[in-house]
Each structure stands twice: as C-alpha cells, then as structure tokens.
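Structure first, then comments.
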Amino acid sequence: MDQNTQKLRTVMDMQKDIILTTDGEVLEYINKAFFDFSVFKDFEEFKKLHNCICEIFIDMQDESFLKPTYPDGDWITQLKKNPLKEYFVAMRNSQGAKNFFKVHFQAFDESLQGYMVSLHNITPYKENLDVLNLISHMQGAYFSVTNMHGEILKISSSLLEVLQVDIKELQEKNHTFLDFVNEEDRKTVLKHISQDDTSSYEIALRYKDIYLPVMAQGSFGLINGVPVRVTSLIDLSVVKKLQKEAKERDLLLFQQSKMAQMGEMINMIAHQWRQPLNAISAASIQSAMKKELGVLADDDFYKTQTFIQEQTQKMSKIIDTFMEYSKAKQTKEYFSLRPLLDAILELVSTQFYAHNINIDLECEYLLEIYGKKDMLEQVILNLLMNARDAYDERTDIQNKVIFIKTKDQKQIEIIDFAGGISDTISQKLFTPYFTTKEQGKGTGIGLYMSRRIMREHFEGDLLYEKIDNGSKFVLNFKNIKTVKKGD
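Under numbering that gives the first Met the number 0, the final residue of the sequence shown carries the number 486; numbering is consecutive throughout.
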C-alpha cells in the first residue's frame, strides 16, 4: 500500500459518514464508520461474506433508492450514468433498525484513481437536535424520543406542561413512553413499534387525572449515532371537543388543521436540511483529505468556507420560512402570490421529490390577492399534501406531477393526475370529519376548513372538478389584482 493510499484511509476512518472506495468494479476499502454502524467487525470479515456493499442494500421499490442488483450493471454504473440525480440507500444497523442514507459520488482527481462514495445518514431526526429544540415549546404538536428500551431521552416541554409532569420526577424515575400511554392503548403502541409501522394512529396519553387524545406517528432513527425511536404527537383534544361543541367548531377546527400541517412541515424541514447537511459534509471531507495530502490551496480553502456559509444560510432561511408560517397574521392586506408560492415550494420540494413527485408552477398572470397570507398558505399546503397522498396510493403511475396554474385572472388551479375522485365521494369532500383515508391517518377537516377560509377570508370559494384521470381544485377570489402577465 503506497503512502497516499494509507493517508487517504486514515482520513476516511476519521469521518462520521460511511465512506468507501472502489475502482468501479472491486470494493477496495470501507471506513470505520461502516463497522460502527453494521454487524460486521472489520473489512476482512465483511469481505468473507460479501463482494459488494450493495448486497446489504434494502430494496425500497423506489427508483431514488439504489438497489442490490440491476439488469444492466451495478449500483456504481447507475451513479456514473446519472451524475446529477439524487440517490439514497437503505440499510439495517447492528440492532436491525432500518436507516436511510444520502449518496454522494465522485471520481478522484489525477493524484488518485477510482471513485469515492460517501453515505450520509439522513434517518429522520438523525444527529442534529436543532429541529427538536425548535418545536419543544410548540403547543398542539409534540414529540418523544426514546432509546431502544423505551426510556425517554427527550420530550416536548409543552407536552410535560399539558400532562402536568414535573421534570425532576421524569429524570429521577426513568419513565418510559408507555408510562404516559393510556393502558387500553399500550398494545396498539407496542404493535406499531414491533412491526416498525410508520403509519399514524390514535391513542390517548394519561398521567394521573390528565387525559390527552393524540394522533401518533413513530419511526426508528439515530441521534448522535444512538438508535432511538422518535414519536410525533398531534393534540386531538380540540377535535374531540369540537364533536360536542358545535358553536366553537370553525375556530377550533382551524386550529387543529394548522397544527396538523405544522406537524407535516416539521417533517419537511427534516427533508429540506438533508441536502445542505450532505453538501457541508462532502465539502469538509474533501478539504480534510486535501489537507492530509498536502494539496489544499488557500483558494480552495476559502471557497469551501464560503460554500459552507451559503449552505448554513440556506438552512437558516428554511427555519425562517417555518417561523413565518407559524405566526398568525392579524390584518388583511394585498400580497403577491408568486413569492408565497415560491416559499411553499422551497419548503415542500425535497419531501415531494422523495415521493417521486414534481411540482410544476405555471404563472401566466402575476397576481396580488387581498387577505391574510397565512390563510392562503394553509389552503395551498393542504391541497398539495392531499395530492401527494393520492399519488402515494398509486404504485402504477410513473410520471407524478402536480400543476399550480394562474391561467385565469381571478383564480388559482391545483391539478393532479392520481386517478381522480368518484362522484359519490366528491359530493362529501367538503363535509367536516369526512375522510377517505384509513382510520387514524386523517382528521377529515382539511378540505372543509380550506373552503371556509376561501369563503370567509377571501370572499371567494374552493371548488372541485374531476378531469380525465385526475383532480382539479379551483381557488376563486373576490379581491385580486393582475400586476402583469407572467413569463
């Protein structure tokens, strides 16, 4: 082994990401991070059982995830053929928990030969607690982080306040998450955990005399390299109360609808952060290797620092967008539609791309609308998420596209081709508590509240039209101005 190769492997073993080198056909080396993650002790043990790391990839039945085998080559061939495409892989860690990785692929420069592939762990709520800290005090949307034994590592402070749990008691008694679950619902929780079921379900939390109905959704992940289970919890007490208190229905439905969307947006933030985090990781790895090899020029160093600062600002901008959305606007005013749509797309694009869904924005007219901007954001986000869910139910559709159009000077159209809605169901679309989703996966209030918002806050309407193999939702406005025709 020559000196450069030895230095390279030393640098690779210092990295937290899984990194491997190959000449395009033969696996040459995998760094220490892989063996910390997997069941294998070292490279020699791995090579006795496998010729390629791809042999332990999980087939996710999604073209964005690399597969163990391909009919026209291997996974490296796929990366070489599609250098601009974003790829992921799924593997199980030493404890059997499924983990997801963002793939970064690059060819070495002239001083080295072959290719280097880095796998950055992007399992939800992976190694950065910033998002969890951000939402810890949020009312109505909570979270719990437990270790593999169910013991609570971190929990929303706002949830502890609702349940009236003393933080000192929590720390002294090593409570598990099940300690706060209503006894009748514990079997449901254990079933979802044992089957690694990431679908949402309704349970009740109970502590002493406090009873709190919630919609729960959990998944396994990593925080600082430690396997954990993260459970998000949406407060359903408002919805349950609405079923008995019709006089307060509209106001409380709006609050619950917004809380549910904020839960979705938390997941979107996690998706959006993956790309800049991976880019920062790749840039730092490259600088470290060049430094060790003595080929790091000052110009390259400053370019890398500028790039990292730009990516950090991008992450900060995502949080700013989320915080802006969470603030309720008190007054009505004219606002431009295009910046609002751009902000929404920036927030959802990464998650929708992970679902293999493209959003096509066609603004034939640049419009200004009178009303509360956050209200329209909620309506559009709800329609986009419904279209996403409709596409997710169709495994036979390859080209998944959602169109947002402003062809008419008084309306916005949101169109998908996920099969449409039957006439029987379409007659009930805007009825409160009506949902076509499985029990526990939908509240049935999104479209109802969206129509109420359009009618009461914009003096317009939300209409549904069935089109050939798809659906069209039309948003009409009373007070709207055309600034100019779009490009």
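Ideal placement from N, C-alpha and C gives every residue a C-beta, glycine not left out.
Remember, it's a predicted structure, so these values are computed and weren't measured experimentally.
- Rounded to whole angstroms, the separation of the alpha carbons of GLU458 and MET448 is 14 Å.
- Unbroken beta strand (DSSP E) stretches of 3 residues or longer found wholly inside the segment 33-96: 87-91, given in chain order.
- Sixteen is the threshold: since fewer than 16 other Cβ atoms of the shown chains lie within 10 Å of the Cβ of ARG454, the residue is exposed.
- Linking LYS406 to HIS136 through their CA atoms gives a straight-line distance of about 42 Å.
- Judged by DSSP secondary structure, GLY469 falls within the beta strand (DSSP E) whose first and last residues are 469-475.
- About 21 Å separates the beta carbon of CYS362 from that of ARG387, a gap too long to meet the 8 Å contact definition.
- VAL229 places its beta carbon 9 Å or farther from that of GLY139.
- If you ignore the 5 residues before and after PHE64, its C-beta comes within less than 7 Å of the C-beta of PHE87, VAL88, ALA89, all in its own chain and listed in chain order.
- Between the alpha carbons of SER156 and PHE179 lies a distance of about 14 Å.
- Within the DSSP secondary-structure output, GLN410 pairs in a beta bridge with ASN475.
- In the structure shown, GLY445 falls within a helical segment according to DSSP collapsed to helix, strand and coil.
- Across the set ILE396, ASP373, LEU204, ALA281, the C-alpha of ASP373 shows the shortest separation from the C-alpha of LYS331.
- Counted as a single uninterrupted DSSP element, the beta strand (DSSP E) harbouring MET115 occupies residues 114-120.
- For GLU464, the uninterrupted beta strand (DSSP E) run begins and ends at 460-466, by DSSP.
- GLN105 is bridged by DSSP to MET115.
- In terms of Cβ geometry, PHE100 and LEU118 form a close pair [threshold 9 Å].
- Taking a contact as a CB-CB distance under 8 Å, the pair GLN377 and VAL473 does not count as one, their CB atoms being some 17 Å apart.
- LEU383 is the residue among LEU383, ALA353, GLY370 whose C-alpha sits nearest the C-alpha of ILE343.
- The straight-line gap separating the alpha-carbon atoms of GLU62 and LEU211 is approximately 40 Å.
- When the five nearest sequence neighbours on each side are left out, the beta carbons in the same chain lying within less than 7 Å of the beta carbon of MET147 are those of GLN94, PRO226, in order along the chain.
- Taking ILE18 as reference, the option from GLU44, GLU24, ALA32, ILE414 with the minimal CA-CA separation is ALA32.
- The segment 354-437 is shown to contain whole alpha helix (DSSP H) runs of 4 or more residues at 372-391, 422-425, in chain order.
- The residues SER218, in chain order, have a CB closer than 6 Å to that of THR197 in the same chain once the five nearest residues on each side in sequence are set aside.
- Rounded to the nearest whole angstrom, the CA to CA distance from VAL38 to ASN92 is 7 Å.
- GLU367 and PHE476 have their C-alpha atoms spaced approximately 10 Å apart.
- Residue nearest to VAL482 within the set ASN355, GLY418, SER335 is SER335 (criterion: CA-CA distance).
- The beta carbon of TYR333 lies closer than 6 Å to those of GLU367, TYR369 in the same chain, with the five residues before and after it left out.
- By the Cβ-count criterion, GLY23 is exposed, with fewer than 16 other Cβ atoms from all chains shown falling within 10 Å of its own Cβ.
- Fewer than three beta-carbon pairs drawn from the segment 419-433 and the segment 339-353 are found closer than 8 Å, and the two stretches are therefore not classed as touching.
- Look at SER218 here: in three-state DSSP terms it is strand.
- One Cα belongs to ASN120, the other to LYS15, and the distance between them is close to 9 Å.
- Here the C-alpha atom of LEU365 lies approximately 42 Å from the C-alpha atom of LYS240.
- Secondary structure at ASP22: coil, using DSSP grouped into helix, strand and coil.
- Nearest Cα to LYS6 within the set HIS354, LYS465, ILE452, LEU292: LEU292.
- Between ASN468 and PHE416, the CB-CB gap stays under 9 Å.
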